[in-house]
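Scroll down for the structure; my scribbles are underneath it.
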Amino acid sequence: MGTVSILEGYVPYRKARTWYRIIGDLDSAKLPLVVAHGGPGCTHDYVDSFRDLAADGRAVIHYDQIGNGRSTHLPDRGADFWTVDFFLGELDALLQHLGIADRYALLGQSWGGMLGAEHAVRRPAGLRALVIAN
5 MGTVSILEGY
15 VPYRKARTWY
25 RIIGDLDSAK
35 LPLVVAHGGP
45 GCTHDYVDSF
55 RDLAADGRAV
65 IHYDQIGNGR
75 STHLPDRGAD
85 FWTVDFFLGE
95 LDALLQHLGI
105 ADRYALLGQS
115 WGGMLGAEHA
125 VRRPAGLRAL
135 VIAN
């Protein structure tokens with residue numbers, strides 16, 4: 005893949021932290037792509053191959069939703085805590101933190117696709133493309 009920059013960090017959200025990784029340059033003229041994994045209960049690892057889309061200069065952002073992977077785990081929370089609204093808010097916090105809320109594409113796989121659809125029906129001004137896989 006050459007010399008593509010990689011940056012990892014955390015976004016604070018509701019007393020927890022969401023881990024993210026940016027491969028590529030957020031300042032690129034190409035639309036940044038946010039990848040939402042399936043689950044709930046999975047991590048970004050199985051959709052990691054989308055990182056290859058950064059080879060042409062596009063920024064590709066993976067993140068682990070709260071409760072999974074490198075993000076905060078909250079095992080004491082009951083089913084009533086894990087709502088679609090919770091995960092939509094987490095996605096919004098990520099977009100704001102990265103400064104891309106005004107211009108981005110979203111790829112959702114499995115549960116991430118449902119989350120992407122729920123996100124899109126709110127008609128966020130910055131959403132330029134949505135890909136739902138499975």
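The sequence shown stops at residue 138 when you use the working numbering, and every number in between is there. In this text, a Cβ means the ideal position worked out from N, Cα and C, and glycines have one as well. Note that the structure is predicted; figures quoted are calculated from it, not measured.
Would you tell me roughly how many angstroms separate the C-alpha atoms of residue i and residue j, rounded to the nearest one?
i, j, result
"A1", "A20", "As displayed, the chain neither begins before 5 nor continues past 138, which places residue 1 out of reach and without an answer."
"V64", "V8", "11 Å"
"P16", "D68", "13 Å"
"R62", "G13", "19 Å"
"D99", "N138", "The displayed chain sequence assigns Leu, not Asp, to residue 99. Their backbone Cα atoms lie some 23 Å apart in a straight line."
"D56", "D89", "30 Å"
"D29", "T87", "32 Å"
"F91", "A59", "29 Å"
"I10", "I27", "5 Å"
"L110", "D52", "15 Å"
"A133", "G117", "13 Å"
"T47", "F54", "14 Å"
"V135", "V125", "14 Å"
"G45", "S75", "12 Å"
Measuring CB to CB, does residue i end up less than 8 Å from residue j?
i, j, result
"L119", "G112", "yes"
"G73", "W115", "no"
"H66", "R25", "yes"
"H123", "L95", "yes"
Report the partner residues of residue i according to the DSSP bridge assignment.
i, result
"A133", "A109"
"G13", "Y24"
"L35", "For L35, which the question treats as bridged, DSSP gives no partner whatsoever."
"A40", "G112"
Examine chain D for any beta-carbon lying closer than 8 Å to the beta-carbon of residue i, and answer yes or no.
i, result
"T76", "Absent from the structure: chain D. Only one protein chain is present."
Query raised in the report: If you pair each beta-carbon of the segment 27–34 with each one of the segment 105–120, do three or more pairs fall below 8 Å?
Result: At 8 Å Cβ cutoff, the stretches do not touch.
Query raised in the report: Do the segment 78–85 and the segment 40–52 meet, that is, are 3 or more Cβ pairs less than 8 Å apart?
Result: Cβ pair count under 8 Å is below three, so no.
Query raised in the report: Which full runs of the alpha helix (DSSP H) of 4+ residues lie inside the segment 63–131, going along the chain?
Result: Counting whole runs of 4 or more residues, the segment 63–131 contains the alpha helix (DSSP H) stretches 88–102 and 115–125.
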